[in-house]
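Asker: Please see the structure below; I have some questions.
Protein chains: 2
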Amino acid sequence: MQRDKELIIQKYGGSSVANLERIRKVAERVISYKKKGFDLVVVVSALGDTTDKFIELAYKITSKPKEREMDMLISTGEQASCALLAMAIHNLDYEAISFTGGQVGIITDSTHTKARILKVDADRIREELKRGKIAIVAGFQGISRKKDITTLGRGGSDLTAVALSYTLGAKLCEIYTDVEGVYTTDPRIEPKARKLKIITYDEMLEMASLGAQVMQARSIELAKKFNVPIYVRSSFSEEEGTMITNQTKKLEEVVVTGITLNKDEAKVTIRDVPDKPGIAAKIFGKVSKEGINVDMIVQNVSKTKMTDLSFTIKKSDLSKTIKIVKDTAGEIKAGEVISDEDVARVSIVGVGMRSHPGIAAKMFKALAEKRINIEMISTSEISISCVIRKKLGEEAVRVIHAKFGLAKARI
Amino acid sequence: MQRDKELIIQKYGGSSVANLERIRKVAERVISYKKKGFDLVVVVSALGDTTDKFIELAYKITSKPKEREMDMLISTGEQASCALLAMAIHNLDYEAISFTGGQVGIITDSTHTKARILKVDADRIREELKRGKIAIVAGFQGISRKKDITTLGRGGSDLTAVALSYTLGAKLCEIYTDVEGVYTTDPRIEPKARKLKIITYDEMLEMASLGAQVMQARSIELAKKFNVPIYVRSSFSEEEGTMITNQTKKLEEVVVTGITLNKDEAKVTIRDVPDKPGIAAKIFGKVSKEGINVDMIVQNVSKTKMTDLSFTIKKSDLSKTIKIVKDTAGEIKAGEVISDEDVARVSIVGVGMRSHPGIAAKMFKALAEKRINIEMISTSEISISCVIRKKLGEEAVRVIHAKFGLAKARI
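First to last, the sequence lines map onto chains A and B.
Numbering follows the working numbering, with no gaps: position 77 of the first sequence is 77.
For any residue, its number in the working numbering is found by taking its place in the second sequence, counting from 1, and adding 411.
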């Protein structure tokens, strides 16, 4: 799209607009970009913990709130915050206009509480930008073809920002949050963790799905699909953040970008599974039918026509999973079913890892040096994950971080 | 409109849905009507003092919030409450669906914070009623042709209820509030005040504009225009309320329906006004240009080519009015300008008053018997008003109430 001025999309999360003082700060920051000559579309989340409070209220009324009504209720949070931000900008004598998801034409399917965006009819927003106004958009929400209000699920405001960036041809999509960017690993675990200047979509996807809570995988996938450059930074400082793009590193660079730790999984082991075709399909077919995502799966080579099968799932799915697996184990005449919640998964992430020999060995060596036992291993195109004892998780992150020299400055 | 089932519109004010317990009670009442076989559309206001809190928040951000943004903000209150009521009905296993003003097709002009309804496209609501659902509608709000969210001003939820009653051909429009109905006078002033079973639109309009705070004049005007029968009652009891219709009383009935007291006005007197044509036009032209509503105007017959001119206005308009009037008094070479805030207006209201001789005399006599001096008198088709000393207001109401025998049962 041809533009007179370059357009920047900014998204401010709930903590960035948690109170009036912070809303004023956001208004000042937005205006500072306007002064530099950019057109601006600002996506906001609900104030602080408003959404959680609404959800709590709904559950006080009924144990099973209908999702359509839940969307009607919680979408008011973003609607209120975008009106308040527009007022704060007006108060500093700049022109701004707020919009609901419906008003900016974010058309979704009817899957309430986790709707998918079908298209964006951004005519109204284009018109107001042309008039020189700063457009403020309620994040996290859209409207179905029937004109019902929908919400986009966790991380929905990021999704709004990315979708508008693509539709309006933005130069950049800035995601303001309460962290300063993406780090080589969680700085609370390894204080020497270094903020990354740049990370690829694929790496960020691995980091997001493996537990780094900067952005939801869904928004990154959308950004990757439409090649929307994303800049993650803090709304509480002027520090530089992290750019997420499709730019790949050169071969001679360090291949390991970051390390993640996930303590939210549980391990399930089925002993003495008959080593016959179709058995795994039977077990995991039943599990997935219940909407349970299985993460790692490891099956040892069997010597005896019997094998042990282990897999990991989210801890919150454990009791449901155990029930299904025990039933199935009975049917297929397998042995004992054992669950273990005292596990952690530590992963290294980096594009080009597969083509660099020795990366996995280096990781295993780091763990071995600290006598950390590896219980499961799984690898992908850009990551290597090990399941270990939970209490050793933080130590594992630190030794691997040191082994790969991630604290050192990167060129 | 032809209907399978008779339709009832119910409107619940903010105090009726102030907390979860009350929302549950409203849900039970709504369902009790559904069980009786009625179709139901329920209009709700925002929970308790939500709207006031939003307005306060806006004024903390800016001293002059733009009205469009104010509507965006405060309309979220009703949107949240209608979702919560729908959930409470679902919890009792009945089908309900909530709508914003925009979703039910309440199309307004663009006069934000006090928009006028242009039309109601009620197709969606008809469709859901046909499916047997209870429709819950966010009161007080609409949508402009540009799809901006608008609000209808004070008493806007009543207006929503009346407009939907007309559009959908409702049998009855019930307004649930925190009083049990319309009384002969304010029961806090005269404990013997009697609840009226029936009152005409015109009488109710006088009562509303003269200070009885049951319903805003605007909603009653609309109900009168389209002959929508309104039933005012309490959401906190099962007591019978007051019906507002076009039904007129028979000639032999008592003509005085009610008595109102208004202590919110101030009196302005201009001394020694030259008794020439065009002088009054000049004074009141300038006052009305400032958006100030003048209520009563009294000018004595002059003997000396000079006259005293008195009028009443809202107390909140007094300082602005004094400024205008002093300037004008100088121009027209009139004398002193005196303001008096220690006044009250007591009024009797009743259809057919004009054709009943002696009503005014009876009122004046009641006041005289208690030595209450009348400072100004004004009459209309269905009311007679007297300005008196403020501290005598309550006593005046009581003596007139007794004089006309309003405490006695009416046939």
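Where is the CB? At the ideal position from N, CA and C, for every residue including glycine.
Among the residues of its own chain, which have a CB less than 6 Å from the CB of Met717(B), if the five just before and after it don't count?
Answerer: Asp683
Asker: Helix, strand or coil for Leu662(B), going by three-state DSSP, please let me know.
Answerer: Low local confidence applies: a pLDDT of 47 at Leu662(B) is under 50, so the model's placement there is unreliable, with the coordinate-based value given in what follows. Reduced to three states, the DSSP call for Leu662(B) is coil.
Asker: Taking contact to mean at least 3 C-beta pairs separated by less than 8 Å, is the stretch 192 to 206 of chain A in contact with the stretch 132 to 148 of chain A?
Answerer: no
Asker: Touching or not, the stretch 428 to 440 of chain B and the stretch 591 to 602 of chain B, by the rule of three or more beta carbon pairs under 8 Å?
Answerer: Here the stretch 428 to 440 of chain B does not lie against the stretch 591 to 602 of chain B, with fewer than 3 beta-carbon pairs under 8 Å apart.
Asker: Can you give me the Cβ contacts of Leu7(A) inside the same chain, cut-off strictly under 8 Å, excluding the 5 residues immediately before and after it?
Answerer: Phe38, Asp39, Leu40, Val41, Leu129, Leu168, Gly169, Ala170, Lys171
Asker: Quick one, are the C-beta atoms of Ile670(B) and Ser758(B) less than 8 Å apart?
Answerer: yes
Asker: For Ser750(B), does the three-state DSSP call read helix, strand or coil?
Answerer: strand
Asker: Give me the residue from Ile270(A), Thr312(A), Ala344(A) with the minimum Cα distance to Asp327(A).
Answerer: Ile270(A)
Asker: What residues in its chain sit with their C-beta under 7 Å from that of Thr321(A), if we drop five residues either side in the sequence?
Answerer: Val268, Val287, Ile292, Ile313
Asker: Between which two residues does the beta strand (DSSP E) carrying Asp416(A) extend?
Answerer: What is shown of chain A runs 1 to 411, which leaves residue 416(A) out entirely.
Asker: Does the separation of the CB atoms of Lys323(A) and Glu341(A) fall below 8 Å?
Answerer: no
Asker: Residues of chain A with CB under 7 Å from Ser509(B), in chain order?
Answerer: Glu69, Met72
Asker: Quick check: Thr487(B) and Gln79(A), are their CB atoms within less than 8 Å of each other?
Answerer: yes
Asker: Hey, does Pro476(B) have any beta-carbon neighbour from chain A nearer than 8 Å?
Answerer: yes
Asker: Please identify the residue among Ile283(A), Leu318(A), Glu190(A) whose C-alpha is closest to the C-alpha of Gly393(A).
Answerer: Considering only alpha carbons, the answer is Glu190(A).
Asker: Give the secondary structure of Val397(A) by DSSP, where H, G and I count as helix, E and B as strand, and everything else as coil.
Answerer: Helix at Val397(A).
Asker: Applying the 10 Å Cβ sphere with the 16-neighbour rule, what's the burial state of Glu649(B)?
Answerer: exposed
Asker: Alpha carbon to alpha carbon, how far is Asp71(A) from Ala740(B)? Give it in angstroms, no decimals.
Answerer: 60 Å
Asker: Do you know whose CA, among Glu369(A), Thr379(A), Ile377(A), Met376(A), lies nearest Arg398(A)'s CA?
Answerer: For Arg398(A), the closest of Glu369(A), Thr379(A), Ile377(A), Met376(A) by C-alpha to C-alpha distance is Glu369(A).
Asker: Consult DSSP for Ala407(A) and reduce its assignment to one of helix, strand or coil.
Answerer: Coil.
Asker: Starting from the beta carbon of Asn91(A), find every residue of chain B whose beta carbon is closer than 9 Å, and list them in chain order.
Answerer: Ile472, Thr473, Ser474, Lys475, Pro476
Asker: Note the first and the last residue of the continuous alpha helix (DSSP H) segment covering Phe38(A).
Answerer: Segment: none, Phe38(A) is in no alpha helix (DSSP H) and carries neither H nor E.
Asker: How should Ile749(B) be labelled, buried or exposed, when 16 other C-beta atoms within 10 angstroms of its C-beta is the threshold for buried?
Answerer: exposed
Asker: Of all the CB atoms in chain B, is at least one closer than 8 Å to the CB of Ala46(A)?
Answerer: No, Ala46(A) does not count as interfacial toward chain B.
Asker: In whole angstroms, what is the alpha-carbon distance linking Leu778(B) and Ile811(B)?
Answerer: For Leu778(B) and Ile811(B), the distance between alpha carbons rounds to 7 Å.
Asker: Give me the Cα-Cα distance between Met87(A) and Val26(A), rounded to the nearest whole angstrom.
Answerer: 12 Å
Asker: By the criterion of Cβ-Cβ separation under 9 Å, what are the contact partners of Ala58(A) in chain B?
Answerer: Ala494, Leu495, Met498
Asker: In chain A, which residues lie less than 9 Å from Gln490(B) when you measure between Cβ atoms?
Answerer: Taking the beta carbon of Gln490(B) as reference, the chain A residues within 9 Å of it are Met72, Leu73, Ser75, Thr76, Gln79, Ile149, listed in sequence order.
Asker: Establish whether the CB of Gln103(A) and some CB of chain B are separated by less than 8 Å.
Answerer: yes
Asker: Going along the chain, which unbroken runs of the beta strand (DSSP E) with 3 or more residues stay wholly within the stretch 531 to 608 of chain B?
Answerer: 545 to 549, 552 to 555, 560 to 562, 583 to 588
Asker: Using a threshold of 8 Å, state whether the C-beta atoms of Ser16(A) and Tyr176(A) are closer than that.
Answerer: yes
Asker: Please go through the same chain and pick out, in chain order, the residues whose beta-carbon is closer than 7 Å to the beta-carbon of Asp93(A), but skip the five residues on each side of it.
Answerer: Taken in chain order, the list of residues that qualify is empty.
Asker: Looking at chain B, which residues of the stretch 5 to 23 of chain A have a Cβ within less than 8 Å of any of its Cβ atoms?
Answerer: Those residues of the stretch 5 to 23 of chain A that come within reach of chain B (Cβ to Cβ, closer than 8 Å) are Leu20, Ile23.
Asker: To the nearest angstrom, how far is the alpha carbon of Gly405(A) from that of Ser165(A)?
Answerer: C-alpha separation (whole angstroms): 36 Å.
Asker: Could you give the DSSP three-state label for Arg68(A): helix, strand or coil?
Answerer: helix
Asker: Could you tell me the alpha carbon to alpha carbon distance between Leu729(B) and Glu480(B), rounded to whole angstroms?
Answerer: 30 Å
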